[in-house]
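Notes to accompany the following structure.
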Amino acid sequence: MQYMKPQTAAEVSDILARSEGAARILGGGTDLLVQLRSGMIEPETIVDIKHLSGIADITAEDGGLRIGAAVSGQKLGEHEGACAMWPGVVEACELIGSTQVQGRCTMVGNLCNGSPAADSVPAMIAAGAVVRIEGPDGPRDCAVEDIPVSPGKTSLGKGEFVSSVFLPARPKGAADAYLRFIPRTEMDIAVASAAVNIELAEDRTIKSARIALGAVGPKVVLVPDAADAIIGSKLEDPAIAALVRACEAACNPIDDKRGTAEFRTTVAGVLAKRAARIAMTRAGENA
Amino acid sequence: MKNIHVSTTINGDDAEFVCAPEETLLDALRNRLGLSGAKEGCGTGDCGACTVEMDGRLVCSCLVLGAEVQDAQIKTVEGMAIGEALHPLQQAFIDHAALQCGICTPGILVAAKTLLERNPDPSDTEIRYWLAGNLCRCTGYDKIIKAVQIAAADMRGA
Ligand SMILES: Cc1cc2nc3c(=O)[nH]c(=O)nc-3n(C[C@H](O)[C@H](O)[C@H](O)COP(=O)(O)OP(=O)(O)OC[C@H]3O[C@@H](n4cnc5c(N)ncnc54)[C@H](O)[C@@H]3O)c2cc1C
Ligand code: FES
Ligand code: FES
């Protein structure tokens, strides 16, 4: 195995393209090192991207925020602008692991690891986040929901990697929230999770919404039917009931010792309902 | 397999070592530098026994490659006492029986020190959440939380 620390995106993509799948990007390493040590993967080359310029920066852009691929969970949580603008994304990210894991883990690593239970991914999808992908043909942008394909698989092409995530600007009267269910209070993988992002109209009805569910299928899913169920409402009971039905209908979970398919489906609906209420309250507060 | 030469700063002193590309910081500390304070419990980021500080952030040294610490500032439990004088956390752990076998202790001390630097007066809940990545099999957590509170009060001059 060799360890490389390229200085430019072009070098990274060149190494990735030349090594025919035998190279792995190293972000925070909190998934990669576990996989290396368990022998799950045996890459020829480890490509540490933390030496690219700007890769660990959070910068304002078009009223939103560009978050470099090497920004740790802890660093994101310390950014007041991010906490104020996208509280749901920050809270999702801060649920990842322990303080020690938070010191290293990244949203992009969480996304590219391809786990359906990855905590930051539903929140990024609900936020309408877009990743910047660098590759042999130069940069391109892609919606977060189009990155995961199936457990452990992403849609990134040969020689491609993610250099940053863009969280768009948001109007007044908008907010997001993320909730997950785990059997304990800390350090566990979501059995089901839900992220809700809403924007209120002048009259305080919901003008637009995005809802995403995690851990209830082979990849994190955006559920447009659930968003449609609450658009135009003030989150009264019938709208909530329709949201829960739409979420349950979108679930296709596995059955395992941590939760039966039936349980995961029910919990996903409950979490979406609660997250919607939190997002609604937050949106009202900053209207 | 090509060995990598790494220059870094550990507990304020310049340090150099040579390691294999897949070698972790934990292995480099213990086997190359003779710093055996950080312990290997799980090797997968779950137990926190290998906790060190890297550029001001807590990390599991079992999840960091040795090669990644080029030009970094590393702090380990070995840097906590000043000469013969124990850090208030170390003294409180001894005085209040916050350890038994001691395998978890170095990681908890490093983690608690970082917490108190950021928050000199944490609540029990804040301590519990901060230390949630540090597992202890023998003491149980109550004595540890109490020792951290006592050291924090001592450091605030209370
Ligand atoms: C103790 C512990 C607890 C955890 N708890 C949680 C939890 O509660 N919730 C949760 O969601 N996860 C959890 N995780 C998993 C892990 O911490 C997260 O998935 C984390 O966000 C991964 O980020 P990273 O930067 O460390 O990724 P890395 O390990 O660096 O990378 C992960 C994968 O993505 C690829 N990759 C990384 N960066 C890029 C990039 N820029 N472009 C393309 N590919 C890339 C890597 O090659 C690798 O395959 C936990 C892990 C540990 C060890
Ligand atoms: S040995 Fe590193 S966390 Fe357990
Ligand atoms: S004292 Fe033995 S593991 Fe904590």
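Read top to bottom, the protein sequences are chains A and B.
The first sequence maps to residues 40 to 326 in our numbering.
The second sequence maps to residues 2 to 159 in our numbering.
Here a beta-carbon is modelled for each residue, glycine too, at the ideal position from N, C-alpha and C.
As the structure is a prediction and not an experimental result, all values here were calculated from the model.
> Going by alpha carbons, who is nearest to Ala240 of chain A out of A:Leu274, A:Ala254 and A:Val260?
Replying inline: Distances from the CA of Ala240 of chain A to each of A:Leu274, A:Ala254 and A:Val260 were compared; the closest alpha carbon is that of A:Leu274.
> Are the Cβ atoms of Ile88 of chain A and Ile94 of chain A separated by less than 8 Å?
Replying inline: Taking 8 Å as the cut-off, the Cβ atoms of Ile88 of chain A and Ile94 of chain A count as close.
> To which residues does DSSP link Arg249 of chain A through a beta bridge?
Replying inline: Per DSSP, A:Asn236.
> So what does Ile106 of chain A bridge to, in DSSP terms?
Replying inline: Beta-bridge pairing by DSSP links Ile106 of chain A to A:Ile97 and A:Val204.
>> Looking only at its chain, what residues have a beta carbon closer than 8 Å to the beta carbon of Cys181 of chain A, apart from the 5 residues adjacent to it on each side?
In response: Shown here for Cys181 of chain A: same chain residues with a beta carbon closer than 8 Å to its own, the five before and five after excluded, namely Val169, Val170, Ile172 and Ser194 in chain order.
> Rounded to the nearest angstrom, how far is the Cβ of Ala285 of chain A from that of Ile270 of chain A, given a contact under 8 Å?
Replying inline: With 8 Å as the limit, Ala285 of chain A and Ile270 of chain A do not qualify as a contact, their Cβ atoms being about 12 Å apart.
> For the stretch 132 to 157 of chain A, which residues have a CB atom closer than 9 Å to at least one CB atom of chain B, in sequence order?
Replying inline: Per Cβ criterion, the list reads Gly136, Ser137, Thr138, Gln139, Val140, Gln141, Gly142 and Arg143.
> Just reading off the beta strand (DSSP E) that Ala214 of chain A is part of, what are its end residues?
Replying inline: Per DSSP, Ala214 of chain A belongs to the beta strand (DSSP E) from Ala213 to Phe220.
> Residues of chain E with CB under 7 Å from Gln113 of chain A, in chain order?
Replying inline: Structure shown: chain E not included; protein chains present are A and B.
>> Checking the sheet assignment: what are the DSSP bridge partners for His6 of chain B?
In response: In DSSP, His6 of chain B forms a bridge with B:Val19.
> Between Cys61 of chain B and chain A, is there a C-beta pair that is closer than 8 Å?
Replying inline: It does; some Cβ of chain A falls within 8 Å.
> Got a sec: does ligand 1 put a non-hydrogen atom nearer than 7 Å to the Cβ of Ala121 of chain A?
Replying inline: Not under cutoff, so the answer is no.
> Opposite Ser187 of chain A in the DSSP bridges: which residues?
Replying inline: This sequence places Pro at residue 187 of chain A; Ser is not what is there. Paired residue(s): A:Thr193.
> Of all the options B:Asp56, B:Ile104, B:Asp15 and B:Gly103, which has the alpha carbon lying nearest to the alpha carbon of Leu34 of chain B?
Replying inline: Checked all of B:Asp56, B:Ile104, B:Asp15 and B:Gly103; the closest Cα to Leu34 of chain B is B:Asp15.
>> Just verifying my parser: in three-state terms, what is the DSSP assignment at Ser77 of chain A?
In response: Here Ser77 of chain A sits in coil by DSSP.
> Who does Gly298 of chain A pair with in a DSSP beta bridge?
Replying inline: Per DSSP, the beta-bridge partners of Gly298 of chain A are A:Asp295.
> Which of the three DSSP states, helix, strand or coil, is assigned to Asp14 of chain B?
Replying inline: Strand, per DSSP.
>> Here's the rule I'm using: 16 or more other beta-carbon atoms within 10 Å means buried, otherwise exposed. How should Ala123 of chain A be labelled?
In response: It counts as exposed.
> Taking Cβ-Cβ distances below 8 Å as the criterion, which residues of the stretch 81 to 111 of chain A are in contact with chain B?
Replying inline: Flagged, chain order: Ile85, Asp87, Lys89 and Ser111.
>> Less than 8 Å between the C-beta atoms of Glu225 of chain A and Ala50 of chain B, yes or no?
In response: No, they are not a contact pair.
>> Tell me the rounded alpha-carbon separation between Val183 of chain A and Asp28 of chain B.
In response: Taking the straight line from one Cα to the other gives about 36 Å.
> What number of angstroms, rounded off, separates the C-alpha of Gly108 of chain B from the C-alpha of Val53 of chain B?
Replying inline: Whole-angstrom Cα-Cα distance: 7 Å.
> Do you know how far the Cα of Thr126 of chain B is from the Cα of Asp227 of chain A?
Replying inline: Spanning the two alpha carbons is a distance of roughly 18 Å.
> Taking a cut of 7 Å between CB atoms, which residues from the stretch 51 to 79 of chain A lie near chain B?
Replying inline: Along the stretch 51 to 79 of chain A, the positions whose C-beta sits under 7 Å from a C-beta of chain B are Gly68, Thr69, Leu72, Val73, Leu75 and Arg76, read in chain order.
> Is Cys51 of chain B near ligand 2, going by C-beta to nearest heavy atom under 7 Å?
Replying inline: Cys51 of chain B Cβ: within cutoff of ligand 2.
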